[in-house]
Structures are given as structure tokens and as C-alpha cells.
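Take a look at the structure:
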């Protein structure tokens with residue numbers, strides 16, 4: 007009896023030992039609570055009978071993936087985790103890039119700060135001002151929806167939402183300067199939320215540096231009485247807004263200034279903002295519009311090798327199947343919902359149960375090329391992010407309303423885009439014999455298949471030659487078709 | 007008694023716990039079955055009495071190291087594992103490069119596909135055609151032994167072996183675009199071996215994209231009846247070969263086309279093939295010949311910073327001791343066998359028994375500079391790969407027959423080659439006082455030692471001043487000499 | 007009873023199992039023996055009542071951090087460990103750079119060798135000669151204090167201290183060519199300390215390569231009798247010194263040679279040495295002087311993207327608070343002691359007790375941006391190294407005597423420097439409304455705080471408006487001030 011009891015105790019102890027070992031590796035962070043993800047995944051709103059795969063989609067970051075850097079009633083800054091925390095292999099090529107997002111309520115001010123990272127942002131909504139401060143000048147620019155701004159590493163800058171009604175929303179991508187994939191924010195001033203970087207210095211150094219009485223230094227490193235509880239985003243008065251706006255260069259007088267002051271050199275450090283939406287759309291028809299700023303054209307984007315894109319699709323339209331040759335797009339949904347579909351030959355962690363691969367460790371990528379294609383499908387909605395890796399064919403199908411998304415293309419300078427359907431699609435250019443050998447299609451059939459779509463880039467989802475007699479296909483038939 | 011029995015059970019359980027812990031780390035993959043490696047290592051064929059070191063040579067990849075990506079009677083594509091799987095430190099500098107090899111039987115066709123990787127290939131045997139397909143054109147090139155071709159990431163292309171008797175053999179090196187050190191292949195069409203990437207899309211998207219009846223889509227995503235069992239390499243008829251060849255640009259009309267059509271810009275995307283063997287050899291004498299294409303000369307190789315080399319040595323010749331300053335050569339043996347010898351001050355994993363360092367984890371490099379030099383020696387034969395890292399002195403001694411090897415030099419643009427023997431060897435240029443201080447040699451002795459070799463680059467292994475009275479040295483004496 | 011005894015045994019066994027698991031991860035190397043670090047940390051010599059924080063400062067490398075590569079009575083070469091061994095995240099951006107240091111006694115010679123790394127060195131003391139040997143020539147340069155020399159990867163070179171009284175001291179930074187963060191040294195000749203790389207070759211290859219009798223080869227791969235016990239640094243006679251110096255190009259005849267021989271192209275490989283101290287100081291006043299060579303100006307530094315700096319401060323001076331925008335400076339103290347203070351929002355390993363994170367593994371960086379600022383403070387003295395990462399505000403306060411430090415700035419080409427105090431400080435340029443919103447300061451107060459310091463870049467630590475009535479602040483008050 008005693009022995010039996012002992013045996014049980016021992017089992018428990020041994021389990022403890024084993025568990026202890028496991029505990030060192032089970033550090034997988036769940037960025038998205040499972041129940042929430044389910045909610046996001048099974049987008050009931052589409053009503054199109056689309057049954058999403060149960061497989062976790064590593065390329066889709068729901069709202070729950072974001073971490074709040076700062077949040078108050080006046081606005082927030084939130085950030086996606088380092089991509090390699092989601093998958094240390096799939097995203098290793100973009101691990102040094104971080105996506106973050108900033109929203110400021112009307113009539114607010116974000117205090118001066120710098121990052122140990124270069125970054126590019128796109129104004130997705132609203133109007134405001136960005137002010138750059140250097141040891142030689144203070145230069146502010148008015149920014150508005152569609153503006154793209156490059157902020158170099160360690161340049162001190164502040165923001166203001168100068169509009170009285172609309173929030174100012176900025177999508178941002180950072181390239182850290184010190185620690186790949188990580189950056190921090192440095193504030194010269196103090197608040198209820200953060201410490202001034204002057205708290206890093208001793209009183210000796212500060213008094214000698216500023217050559218002022220000790221008492222005055224308190225303003226640098228202690229938070230002023232009236233700001234207790236204030237965060238980094240602060241409400242400002244109309245007068246202050248006016249003053250901030252007055253000194254800001256607007257796009258219209260930008261060119262004039264350049265000619266007058268011959269300051270081009272100085273300004274090129276920050277790169278004047280330019281507006282993406284006033285550029286000609288590179289693809290445009292009744293169903294959608296796509297604008298893109300390429301690093302070869304805009305010097306501000308050149309050294310970071312980042313392209314910026316903006317897609318706007320009418321309800322029920324299709325951004326035709328395509329792939330980018332070198333660039334990986336980090337795409338943020340600004341309005342509406344869409345279903346995006348992507349084909350991937352990669353096997354990823356979500357499919358294999360390997361709970362011991364913690365963040366920061368490289369999991370094994372399946373070396374065998376299986377010849378199998380994985381269906382990556384998600385419904386993506388406002389505030390969410392999805393990734394479109396290089397070479398992966400994808401399509402975007404706008405759903406309930408107009409769909410607006412913006413994207414940052416990483417490694418963009420040599421990248422091209424290849425469409426797989428529509429006018430000028432790549433498949434229609436495969437020569438006759440190769441088409442027959444590959445698809446088993448004669449030239450007539452091939453022509454029918456590859457040249458029936460008369461639209462380019464964007465197309466309607468309701469086919470123009472109807473099959474009125476056919477009901478919506480059952481799920482079963484879709485799977486038969488796709489999975490075979 | 008019961009207690010004794012229990013104790014044994016407990017020991018077993020505890021062992022299990024310990025083993026469980028260990029199991030997390032013991033993930034070392036053995037790419038080469040030990041018995042096979044032994045076979046390769048102790049090359050009995052040379053008959054020169056060379057006794058190879060028992061030490062595992064991390065720089066030598068035998069045939070068993072390759073993984074088959076695809077294999078059928080019509081040909082194969084096989085690939086070396088990521089170099090860092092062999093040694094995560096020694097090869098970290100080249101971890102983003104992958105070597106692979108393709109062989110197609112006479113009169114075969116490899117279906118259109120793209121990679122999420124840039125790559126460069128060299129035709130080591132045979133004749134054929136490569137066809138590039140974009141959304142604006144379809145351009146084919148005739149390729150032949152010695153041709154070097156750059157294939158940009160995500161460009162759809164197909165191959166044909168247009169020769170009726172000789173296999174088409176291509177050595178390739180890839181620079182992945184998404185996941186460092188990993189790439190995948192994407193096929194628009196379906197086969198018995200692989201899925202079309204269109205299987206990643208739903209029927210809704212496909213019908214809307216192609217604007218065709220659902221029935222026709224089956225040809226895209228289902229394999230045609232007549233192709234059941236067919237792989238990605240397919241036998242083709244003489245007529246099809248003829249048609250494929252006719253449209254292909256041959257090197258001779260290549261220049262004409264350029265002048266006529268002024269298409270230089272378009273074509274530069276793919277980079278027209280150029281032939282390495284029609285370039286002047288940079289080293290050449292009766293014992294061997296070395297051709298090299300440098301990225302500074304060939305724009306196709308420039309952004310990948312890869313050089314391509316081709317060495318051809320007569321039987322029993324020596325490629326004199328030398329080192330490359332910046333480039334690491336990944337070298338593939340196309341014909342014959344050779345012994346290559348290399349000096350390395352690095353201590354590597356194979357020497358230390360550390361079974362818990364799994365792939366993907368950085369093992370410790372011995373930090374202490376021991377002053378010790380390791381002998382890296384292997385007999386390398388047709389179909390095998392060996393690595394020549396930057397700065398490491400090496401020599402190649404061709405054995406049974408003509409030795410032919412091709413190499414891809416990584417980080418090549420600023421690299422130079424330094425010979426340690428032969429005319430213009432570096433050692434002969436050390437000034438008198440430095441020579442005396444370093445080698446303890448007077449100027450006469452130094453002259454004798456460093457200037458007796460009248461050949462450059464390649465030399466015979468039978469010394470021209472014989473010692474007929476001396477027998478072949480015993481193994482013992484070699485070791486005394488070398489190990490001391 | 008027996009069961010109790012058994013239970014104890016079992017506990018022991020299970021502990022063993024658990025311990026076994028732990029043992030796989032407890033590989034943290036202690037580079038600085040704790041007792042020594044304490045000694046360094048609490049620099050009693052300053053006498054200024056500064057109480058250093060107990061926190062381990064990851065940015066400070068004391069003398070004990072260095073590893074000896076070689077040491078004898080004639081001199082030494084010592085090296086810092088790979089930075090990522092200290093912190094695999096904080097230093098991942100500079101993990102491919104290695105700092106090392108070389109000291110040669112008067113009248114000594116360091117035998118020819120090459121590294122599988124590019125490197126840049128700065129002569130911090132003494133006079134000597136560096137000789138470069140290639141397969142086409144042997145070129146020597148005279149070097150003196152302040153000279154900067156670029157040594158390309160794999161170029162064979164030797165050193166001589168040609169001065170009869172002063173040691174030759176060189177601070178070096180290497181960029182490895184093969185294994186990121188690791189390099190080795192290759193010697194053509196043999197010594198008591200190291201093996202010639204010719205020991206890596208078999209007798210067959212060596213006799214065929216040099217075409218000499220076997221007996222002569224012994225001089226290459228065996229150490230000569232008279233050099234038993236000799237290391238890589240050797241004492242040389244005045245005659246030999248004379249001979250080595252005679253053939254060396256001195257800075258004065260450097261230009262002449264260029265014109266005469268039109269050899270510019272060849273020489274650009276090594277980059278002629280240039281003197282940092284004869285360049286105009288970029289900052290200079292009574293309290294200090296700062297020289298910097300920028301990669302945009304000096305082609306030798308361009309491809310490595312390294313800047314070289316030299317600061318010289320009088321006793322009791324302050325290098326005003328500032329930060330670099332993109333570059334991380336690896337700084338070596340050549341004379342005196344200083345206190346350096348730095349503000350960091352990063353949380354690092356030293357603060358969290360995570361003994362299982364061994365070297366080479368990426369520890370977790372705290373993802374949450376806490377708003378907290380860490381005080382990084384250390385007293386740094388001759389022979390020690392400290393790191394100044396991009397974007398991090400820092401100040402340097404020279405203490406007992408003149409303070410001289412040299413720095414290598416990594417990722418330097420686009421970096422700028424921003425001062426936070428002194429004339430032209432950045433804070434004084436924040437506009438009125440932004441200053442009020444951030445610091446809660448009216449324009450008068452702001453002016454007083456940000457413009458009272460009349461000196462630029464360097465300032466005295468004794469404020470010019472004294473508070474004679476106030477005693478030195480107690481430690482307590484400093485902490486209240488700073489920690490709040």
C-alpha cells in the first residue's frame with residue numbers, strides 16, 4: 007500500500023521534472039486570444055458562403071495582434087510584434103521591419119521625441135502637422151490624407167492633429183538602427199506616462215551642461231504639476247493649433263520655398279512629404295484604383311528600399327491574381343473588409359504542433375519540396391494587417407463596402423508585378439507548345455482560358471456571362487475543386 | 007524485494023525524464039549516412055597512398071548530402087541543404103545561398119515555374135532552351151555548355167533539353183527573396199507531382215478572374231487525364247523540340263537582335279546568357295585552364311555579387327596553393343576526381359562532440375585563437391560539392407583523369423586571388439629582412455624556396471628534378487612533417 | 007524506514023534529472039570576474055562622490071573583458087569577445103564587428119599574416135611601419151600616432167615598431183569575411199606559438215608546388231631552431247629596423263610617389279594611411295577637441311561604413327549631452343579616466359535574472375515600451391571600451407587628468423550628431439508652442455534653460471555662476487532628482 011502511494015508521489019515528481027524541462031521552451035506567446043481569432047476568422051458578415059480553413063493563417067494579423075505602446079483618450083500608438091515572433095522563418099526576411107500605427111484625436115499634440123529607427127509613414131486619414139527639430143532649425147510641414155513622410159533615425163519631431171473633427175491616422179513602418187527589429191522612443195520632456203531622457207544624467211552633468219541653477223533643472227526631469235496624469239498626446243487650444251499650423255510649410259508653398267531659399271540640401275534630410283493620391287494611379291478602372299510610390303522615383307524611400315501603395319476598390323470587386331517579384335507587402339486595411347486569397351508552397355509552424363519553439367528561435371522549415379500548395383485565406387477588415395510575400399500569387403476580393411488598404415513594400419527597388427489574369431496576363435504569353443506541354447491545352451482552349459477576361463488589374467466578381475441555372479456551389483464542391 | 011523492483015522502475019522513469027529533456031536538443035540531422043561517408047572519404051581509387059584524416063570535413067558535401075526535390079526517369083532536380091545545417095557558424099556568411107542541380111534527359115521539357123529567389127546557373131553539359139515569360143513577352147534563349155544565365159526572382163521560365171543524346175546538366179545557386187536560405191517553386195500548371203498555384207484560389211475568385219465557365223477552370227487546377235503520373239519534366243516530340251528551338255534566340259543572332267529591336271532594356275532584366283568558356287581563360291598552361299566571369303564585368307551577376315568559375319585540369323596536375331581574399335567558392339565537380347587540401351585555423355563542430363546543437367542554432371566557435379592549423383583534406387569526385395572559404399589557403403590536385411569543376415563565388419566583387427607558389431607568388435615579394443625575421447631564411451635560401459617553381463597557377467605533380475633514389479615516403483614521415 | 011530512505015534517494019535522483027536539463031542552458035560566460043568588475047565599477051579615484059549604480063552596465067567592457075590572442079614580453083594582441091556574447095539583442099546590430107588591440111614593444115616585428123576580415127586601425131601611440139605584401143609587390147608605409155589604415159581582407163601584412171623607446175599601440179576594428187563576428191589569423195611562417203598554414207598541405211602538394219627538395223620544405227612548416235620559444239612578435243636589431251624603415255613610404259614622400267609612379271590604382275587597394283590628428287578638429291575649444299574621419303570623405307572607410315573619432319578633453323571638462331543618429335561608437339580609452347552617462351529606454355539582460363540564456367541565443371527584448379529611462383553610468387579608464395549606441399543621449403565627463411579616447415563609428419555614412427546642450431543645441435530650436443506643450447515652460451523660462459550655456463560641444467564642469475552657499479548634494483538628493 008505504502009509503495010503504491012509512493013509510486014503515485016513519484017510519478018508526480020517525475021512529471022514535475024519533465025514539466026520543468028518543457029517549461030524552458032514553452033514560451034510561445036499568443037498574440038491573438040484563440041476565441042478572438044475565431045471571431046475574426048469566420049467572418050460571418052460576408053454572406054458569400056465562404057468557409058475559411060481552420061488552419062491558422064500566419065500572414066494575417068488581427069486587431070488583437072497589436073500591442074499598445076501608448077493609449078489615452080487623446081489617441082494611441084500601437085505596434086505589431088516583431089514579425090519573427092509569429093514565425094521565425096517565414097518572416098526572417100522582414101524581421102528588421104516593424105509596423106506601427108498612430109491615431110490622434112482632433113486638436114491634439116504628440117510631444118517631441120525621436121526613435122532609434124528610420125521610418126516612413128502614410129497619412130491614412132485626417133490633417134495635421136509634423137515638426138522636425140534639429141540643432142540648426144525647426145521645420146514643420148502640413149500633412150494630409152495620402153501624404154508620405156520619411157522620418158530619419160534620431161531626428162526629433164512632434165505631431166499635431168490640427169483638424170477639429172477628424173482623427174489623424176498614420177500607418178508607419180520602421181527600420182531600427184540599433185537592434186534589428188526593435189526600437190525605442192526617446193523623449194526630451196517628461197510626462198505622466200514617460201520619463202525624459204535627461205533622467206539618465208546626473209545632476210552634476212546637467213548643471214554643467216545647461217549652466218543653470220539646479221532648481222530650473224527640475225523642469226526637465228520632473229513632470230510639471232499641471233501635467234500630472236497627462237500622457238504623450240495632449241489636447242491643445244485652438245490658438246495653439248493656429249500657431250502650430252501657421253509655421254508649417256504647406257504642399258503649395260513648398261516648391262516656392264525651395265526656389266527661394268535654396269535649402270534643398272537641408273530639407274532632403276527629412277524628405278519633404280509628398281502625396282501618394284495626387285500621383286497618377288498605376289492601375290485604375292471602374293472597379294478599383296491603385297497608387298504606388300516607388301523608391302526609384304522618390305529619394306526619401308530610396309535607402310530604406312520601401313515602396314508605398316494605396317488600393318481603393320469598389321464593393322464586390324476583385325484585384326486580379328498577381329504576385330510581386332521581390333517585395334513583401336505589409337498591408338494595413340483602412341476601410342471595409344475583403345477576402346484575400348494566397349497560394350503558398352511553404353509549410354509553416356501553425357500546421358505542425360511544435361509548442362516548444364519559442365519566440366526568437368528558428369523553427370525548422372520543411373526542407374522537402376512537397377509539390378503541395380497551401381490555401382491562405384482570410385477575411386481582413388479595418389485595422390488589421392496582412393502580409394503578401396514575394397512570389398506568392400494572391401487576389402483581393404472586396405466585400406461589404408468600399409475597400410481601402412495601404413501597404414509598405416519591403417525590398418522594393420527591383421521588384422515587378424506579374425498579373426495572372428486580365429489583359430496582359432503572364433499566362434497568355436506562354437508560347438503554344440509550352441502551353442500544351444504544361445496545361446495540356448490546345449491553343450484554342452488556352453486562348454479561351456487566358457484571354458476571356460477583358461478587364462485589367464481590377465474586375466467585377468459577377469461574371470458577365472451568367473449561369474443563372476446554377477445554384478451557389480455547395481462547400482463540398484469547392485473543396486473538391488480546390489483540394490484536388 | 008518490492009522496493010528493489012520499484013527502484014528499478016524509478017530509474018527507468020527518471021532516465022525517461024532525462025531523455026525527454028535531451029530529446030529537445032538532439033535534432034542533428036545526418037545528411038550523409040556514416041557508412042557512405044566513409045566510402046567517399048577513403049577514396050581507394052587514387053592509389054597514391056594518401057591517408058585521409060578521420061575528422062569529418064565540414065567543407066565537403068558528398069552525393070548523399072543532396073536532397074531530391076524531384077526525380078523521375080526524365081531527369082531530376084536536387085539540392086544541398088542550407089549550408090548552416092552543416093555548421094551554423096562556419097557557413098553563416100553564406101547561409102542565404104543555396105546550391106542546386108538540375109539534369110534533364112534528351113528531348114525533355116521542364117514545365118513553367120518561378121522561384122521566390124534570384125538565381126544564376128551554369129550549363130555544365132548539353133544543349134537546350136530556356137524560355138522566360140512575363141506579362142509583356144515570351145523570350146527564349148538557346149543555351150549550351152559554358153553558358154551562364156541569371157534568372158531574376160519570380161520570373162516564370164521553362165527549360166527544354168533540345169539535344170537528342172546528351173543530358174542537359176545545370177549547376178545553380180539561388181539567393182532567396184523571402185526566407186533567407188529557403189526558397190520554393192511555384193507552378194502555374196498541375197502535374198502528378200505538384201499542384202498548380204491556382205489551387206490556392208477559390209472557385210469564386212478563379213471564375214471572376216478568368217471570366218470563363220467553371221468547367222474550363224478544371225484544366226488549371228486539376229491534372230489532365232493524359233498527364234496522370236507525369237512529373238514536372240516531360241518527354242517531348244521532335245516536332246515540339248523543333249518549335250521550341252526555332253523561337254529561341256541563339257548567341258549568334260543575339261547581337262543582331264539587340265541592334266535591330268533596341269530591346270536592350272527589356273532583356274537586361276533577365277540578362278542574356280553569356281558563355282564562360284568563350285571568355286579568355288584568366289590562367290592557362292599545359293596543366294590546366296581557369297575561366298572566370300566577374301560581377302564587375304557582367305551586369306547580370308552584379309547585384310547578386312556572384313562570380314562564376316570553371317577549372318579544367320589535366321590528369322595529375324596541381325592548381326597551386328592560393329586563397330581568395332573575400333569570396334567563398336561553392337564548387338561542384340563535373341568530371342573526374344581530385345584531392346583538395348585546405349588549411350584552416352577554425353575549430354569546428356565535427357571535432358567536438360556536441361550532439362545537442364541542433365540545426366538552426368548557433369554553436370560556439372572556439373574563441374581562443376590557438377595558433378593551430380587544421381588540415382582539411384578530401385577526395386572529391388563528380389557530383390560532389392566542396393567549399394573554399396575566403397582567406398583559406400587551398401590547393402587542388404587532379405587525380406585519375408581530367409578534372410573539371412565549376413564554382414560560384416559569393417561576395418565576389420572586391421575579391422582578389424593570391425597565389426602562394428609559382429611565378430608571381432606572394433611569398434617571393436616579402437622583403438629580405440621580413441623573410442629572415444619570419445622564416446629564418448637568408449635571401450639565397452628564400453630565393454631557392456620561393457622562386458624554384460617556374461610554372462604559374464597550374465603545375466605538374468611530378469617534380470622536374472627527381473629523387474629517384476628515394477622511395478615514396480611512408481605515412482609516418484608525412485605526419486611528422488605536417489603535424490609538427 | 008526503507009521507504010523514507012528511498013524517498014530521499016529519489017528526490018536526489020529527480021533533482022539530478024532537473025539539473026541535467028538546466029545544465030544545457032546554463033552556459034553564460036562571465037567575461038569579467040565579479041570581484042574585478044566591482045573594482046572597476048567603484049572608481050574610488052574620482053573623489054567626486056559619485057555613486058555608481060549596482061546594475062551591470064552592458065555597454066562597458068573593462069580590461070578583464072579582453073581575451074589574449076597572443077602575449078609575450080615583446081607585446082600582445084588582445085580582443086573583445088563578440089559583442090553579442092554580452093547581449094545578443096542589444097548588440098545584434100554590431101555583431102559582425104570585432105574590436106581588438108595590439109601593442110608592440112620598442113624595436114619589435116610582428117610576422118607576416120593575413121586575416122579573413124577587413125579591418126581599420128588607428129595608431130594611438132608610437133611610430134612604426136606596416137608592410138603589405140601581394141603577389142605583385144611589397145609596399146611599406148611609415149605610421150605614426152593618429153594614422154588611420156585600412157587593411158583589406160586576406161592581404162598579407164607585417165608590422166614593426168621602429169621606435170626605440172615608445173610602445174606602438176594600435177586600436178583596431180574588424181569586419182569578418184567568412185563567419186559574422188569571427189575571424190582568424192593566417193601565418194605563412196611558423197613560430198613557437200603558431201603553425202604555418204603550409205602545415206595544412208601534404209608533402210606531395212608542397213614539393214610539387216615549390217618544386218624544391220623535400221628537405222627545404224622543413225623551413226616552411228617546422229619552426230627554425232633559433233626561433234624555438236619565439237612568438238609572433240620578435241625583437242629586431244637596429245640594422246633591421248633601419249632596413250624596414252628605409253623602404254617604407256612616409257606621408258611626406260607619399261604624394262610625390264603618387265605623381266611619379268602613377269600607381270594610384272594599386273595603392274587604393276590598401277588605402278594609403280592618413281592622419282586623423284592633422285585633419286581640422288570638427289569641435290574644439292579650451293576644454294576639448296574632437297577629430298573625426300568620415301567614410302564619405304575617406305574612400306578607405308567607405309565600403310566598411312566606419313567613421314574614426316579622436317577626443318581629447320582637459321581635466322574636469324564635459325563633452326556636452328548629445329546623440330548620434332545612426333552610428334554606434336565603439337570607444338577605446340587611451341588616456342585618463344572619465345565618467346560617461348547615457349540614457350537608455352532599453353531593458354537588458356543584466357537586470358533580469360535569466361541565467362539560462364546562454365551566449366549565441368537571442369534573449370527576449372522587453373517588448374513593452376515602459377516609458378522608463380535607464381541610467382547607464384560607468385567610470386571608464388585607460389584600456390577599457392564603452393559603447394555609444396545610435397540615438398542614445400550621452401555625456402562624457404573627464405576626471406583626474408586629460409582624457410583621450412578613440413572611437414570607431416559603425417554604420418556611419420548617414421549619421422549626424424545632435425547636441426542637447428550648448429550653443430546650437432537642438433532643444434533651443436523647438437518652437438514656442440511646442441516647448442510650452444512639452445515642457446510646460448514659457449518662452450522666457452525655456453530661453454533661460456536652453457540658452458544659458460555659452461560654450462559649444464565642450465564645457466567646464468565648474469559652473470560659472472557659483473552657488474557657494476550650497477554644499478555638495480548628498481547621494482540621496484541626486485537619486486530623488488534622477489529617479490523620479
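Residue numbers (this note's numbering), protein chains in the order written: chain A, 7 to 490; chain B, 7 to 490; chain C, 7 to 490.
The beta carbon of each residue, even a glycine, is placed where N, CA and C say it ideally should be.
Candidates the options, of which the one nearest residue i by Cα
i, options, result
"residue 306 (chain A)", "A:192, A:170, A:419", "A:419"
"residue 182 (chain A)", "A:191, A:325, A:350", "A:191"
"residue 128 (chain B)", "B:206, B:111, B:157", "B:157"
"residue 458 (chain C)", "C:428, C:244, C:208, C:332", "C:428"
C-alpha gap between residue i and residue j, whole angstroms
i, j, result
"residue 140 (chain C)", "residue 236 (chain B)", "56 Å"
"residue 398 (chain B)", "residue 278 (chain C)", "26 Å"
"residue 314 (chain A)", "residue 436 (chain B)", "56 Å"
"residue 68 (chain C)", "residue 406 (chain C)", "18 Å"
"residue 282 (chain C)", "residue 176 (chain C)", "14 Å"
"residue 263 (chain C)", "residue 241 (chain C)", "Bear in mind that a pLDDT of 44 at residue 263 (chain C), under 50, signals an unreliable position, so the number given afterwards is only what the model happens to contain. Between residue 263 (chain C) and residue 241 (chain C), the C-alpha separation is close to 31 Å."
"residue 94 (chain C)", "residue 94 (chain B)", "16 Å"
"residue 443 (chain B)", "residue 338 (chain C)", "31 Å"
"residue 227 (chain B)", "residue 211 (chain B)", "13 Å"
"residue 162 (chain A)", "residue 138 (chain A)", "6 Å"
"residue 184 (chain C)", "residue 65 (chain B)", "13 Å"
"residue 346 (chain A)", "residue 303 (chain B)", "43 Å"
"residue 34 (chain B)", "residue 71 (chain B)", "Because residue 34 (chain B) sits at a pLDDT of 28, beneath the cut-off of 50, its placement in the model cannot be relied upon, and the point is left open."
"residue 296 (chain B)", "residue 387 (chain C)", "54 Å"
"residue 131 (chain A)", "residue 188 (chain B)", "38 Å"
Contact list for residue i against chain B, beta-carbon separation under 9 Å
i, result
"residue 395 (chain A)", "122, 183, 184, 185"
"residue 320 (chain A)", "The contacting residues do not exist; residue 320 (chain A) stays about 14 Å from chain B at best."
Beta bridge counterpart(s) of residue i as assigned by DSSP
i, result
"residue 144 (chain B)", "B:139"
"residue 347 (chain C)", "C:383, C:401"
"residue 465 (chain C)", "C:324"
"residue 290 (chain C)", "C:295"
"residue 109 (chain C)", "C:82, C:175"
"residue 316 (chain C)", "C:297, C:412"
"residue 133 (chain B)", "B:150"
Beta-carbon neighbours of residue i, restricted to chain C and to distances below 7 Å
i, result
"residue 439 (chain B)", "246, 249, 250"
"residue 427 (chain B)", "215, 216"
Classification of residue i by the beta-carbon crowding that lies within 10 angstroms, buried from 16 upward
i, result
"residue 272 (chain A)", "Reliability of the predicted coordinates at residue 272 (chain A) is poor, the pLDDT of 43 falling under 50, and no value is obtained from them."
"residue 408 (chain C)", "exposed"
"residue 142 (chain A)", "exposed"
"residue 252 (chain A)", "exposed"
Partner residues on chain B for residue i, Cβ-Cβ distance less than 8 Å
i, result
"residue 498 (chain A)", "This structure does not reach residue 498 (chain A), given that chain A is present from 7 up to 490, and the question cannot be answered."
"residue 421 (chain C)", "Chain B residues near residue 421 (chain C): none, gap ~23 Å exceeds 8 Å."
Interface residues of chain A facing residue i [CB-CB closer than 9 Å]
i, result
"residue 293 (chain C)", "The premise fails here: residue 293 (chain C) is roughly 10 Å from chain A at the closest Cβ pair, so nothing lies under 9 Å."
Under 8 Å from the C-beta of residue i: neighbouring residues of chain A
i, result
"residue 86 (chain C)", "None at all; the shortest Cβ gap to chain A is about 18 Å."
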